[in-house]
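J.: Taking this note's numbering, I'd label the letters of the sequence shown as residues 358 to 636. C-beta: ideal position from N, C-alpha, C; glycine also. The structure under discussion is supplied below as structure tokens; questions concerning it will follow.
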Amino acid sequence: MLWDGALPEQAQADPRSWFDGNVFREEPPAEVIDVSGLRPLEDDEFWPVIDSLGGRMWDRTIQIAVSVLAQQDEDFILRWEETAARKALVLADAFEKAGIAAARELHSIGAVLGKGEEAFLRVYADPKTFDWAWVSDNSPQVIWIGSHALERRLGRSVRIESSMSLRHRDILERRRLEVAEYQREHGIVERPRDPSLTAARGIVDGSNGLRERLVLVPSSLSKDQEATAAMTADGSRLVAGPEFANHQSIGLWGGVAFSVRRRTALPLDEYITRYVTRP
Numbered sequence: 358m359l360w361d362g363a364l365p366e367q368a369q370a371d372p373r374s375w376f377d378g379n380v381f382r383e384e385p386p387a388e389v390i391d392v393s394g395l396r397p398l399e400d401d402e403f404w405p406v407i408d409s410l411g412g413r414m415w416d417r418t419i420q421i422a423v424s425v426l427a428q429q430d431e432d433f434i435l436r437w438e439e440t441a442a443r444k445a446l447v448l449a450d451a452f453e454k455a456g457i458a459a460a461r462e463l464h465s466i467g468a469v470l471g472k473g474e475e476a477f478l479r480v481y482a483d484p485k486t487f488d489w490a491w492v493s494d495n496s497p498q499v500i501w502i503g504s505h506a507l508e509r510r511l512g513r514s515v516r517i518e519s520s521m522s523l524r525h526r527d528i529l530e531r532r533r534l535e536v537a538e539y540q541r542e543h544g545i546v547e548r549p550r551d552p553s554l555t556a557a558r559g560i561v562d563g564s565n566g567l568r569e570r571l572v573l574v575p576s577s578l579s580k581d582q583e584a585t586a587a588m589t590a591d592g593s594r595l596v597a598g599p600e601f602a603n604h605q606s607i608g609l610w611g612g613v614a615f616s617v618r619r620r621t622a623l624p625l626d627e628y629i630t631r632y633v634t635r636p
């Protein structure tokens, strides 16, 4: 239990409304869009977006390419992402045949795409012509410019499933196995992961009246039940919630619990006096 405080007097009459009005809601889960069956774009439609990078995969240039693509209609953006996915797949095949490590594969694929059509055709024909100097921290983002552009155009989170998605997950798994094998060969013992905890908030009605409670529970699929059980362990009845923190999980390194919004234009001191629960 992190917090157990009586509700302010003005919240007693309508605790659910008071509860709902005090905390930002979590963002809805990202919409999943499957583009794997879409017809790819022609090269003269696809490569101009890549050319807007100017051969440089920096934060700024990636955002330029995203902006260029976001000006197109939704169907064009989705087809662009599937086109990028198919080109990424053929590069993945070429690099894997050449024996490139999984840890470098996504960076290499993105770097080749980011350098444009000429580099793509050359490296696909002969992976030995790939230049490691092309790689940057941002080069994998070239593969997902379409996803970023669609989010910008729609103003909400989306997750695109393309022809590359399954291979992407396979690459990540092979990278994990490579790291594990390296650790075994060199006697590296992996440190236990920091505990991942989520803050939950709710209002209960018990022998001491209406109270607001904050608890920490493990970040798991059963966190709703665990938060409810923690808040009502003394026999209280849950009136509102549980509502979970909409920021990063809390571990040994800390984290943000909740973003609380001001519901009125009152001066801050008066707002705190009227609306903030006191322990």
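1. Closer than 8 Å is the cut-off here; do at least three beta carbon pairs connect the stretch 539–556 with the stretch 516–528?
2. Can the beta-carbon of Glu301 be found closer than 9 Å to that of Ala449?
3. Quick check on Arg568: does DSSP put it in helix, strand or coil?
4. Measuring straight from C-alpha to C-alpha, what distance separates Trp404 and Thr589?
5. For Thr555, count neighbouring Cβ atoms within 10 angstroms of its own Cβ and tell me buried if that reaches 16, exposed if not.
6. Just list the residues that DSSP pairs Thr555 with in beta bridges.
7. In terms of residue numbering, what span does the alpha helix (DSSP H) encompassing Phe601 cover?
8. Do Val392 and Leu426 have their C-beta atoms closer together than 9 Å?
9. So, for Trp501: in the same chain, excluding its five sequence neighbours on each side, which residues have a beta-carbon less than 6 Å away from its beta-carbon?
10. Taking Cβ positions, are Arg413 and Gly473 nearer each other than 9 Å?
11. Taking C-alpha atoms, which residue in Asp416, Ile560, Glu530 and Leu511 lies nearest to Leu595?
12. I want to know whether the stretch 487–504 touches the stretch 361–370 - three or more CB-CB distances under 8 Å.
13. Leaving out the 5 sequence neighbours to the left and right, which residues in its chain are closer than 7 Å to Leu446 when beta-carbon positions are compared?
14. Quick check on DSSP: helix, strand or coil for Ala458?
15. Contact defined as beta carbons within less than 8 Å: I believe Phe433 pairs with Pro484. What is the distance between those atoms, to the nearest angstrom?
16. By Cβ distance, which residues of its chain are closer than 7 Å to Phe653, with the 5 residues on each side in sequence left out?
17. Any idea if Asn565 is buried or exposed, counting beta-carbon neighbours within 10 angstroms, 16 or more meaning buried?
18. If we count the other Cβ atoms within 10 Å of its Cβ and call it buried at 16 or more, is Arg396 buried or exposed?
T.: On the basis of the supplied data:
1. no
2. With the chain covering 358 to 636 only, the question about residue 301 has no answer from this structure.
3. strand
4. 59 Å
5. Result: buried.
6. Val574
7. Counting along the chain, Phe601 falls outside any alpha helix (DSSP H), though it belongs to the beta strand (DSSP E) covering Arg594 to Phe601.
8. no
9. none
10. no
11. Considering only alpha carbons, the answer is Ile560.
12. no
13. Taken in chain order, the residues that qualify are Ser520, Met521 and Arg524.
14. Three-state DSSP puts Ala458 in coil, outside helix and strand.
15. The Cβ separation is near 30 Å, so there is no contact.
16. No answer is possible for residue 653: it lies beyond the span of the chain, which begins at 358 and ends at 636.
17. exposed
18. exposed
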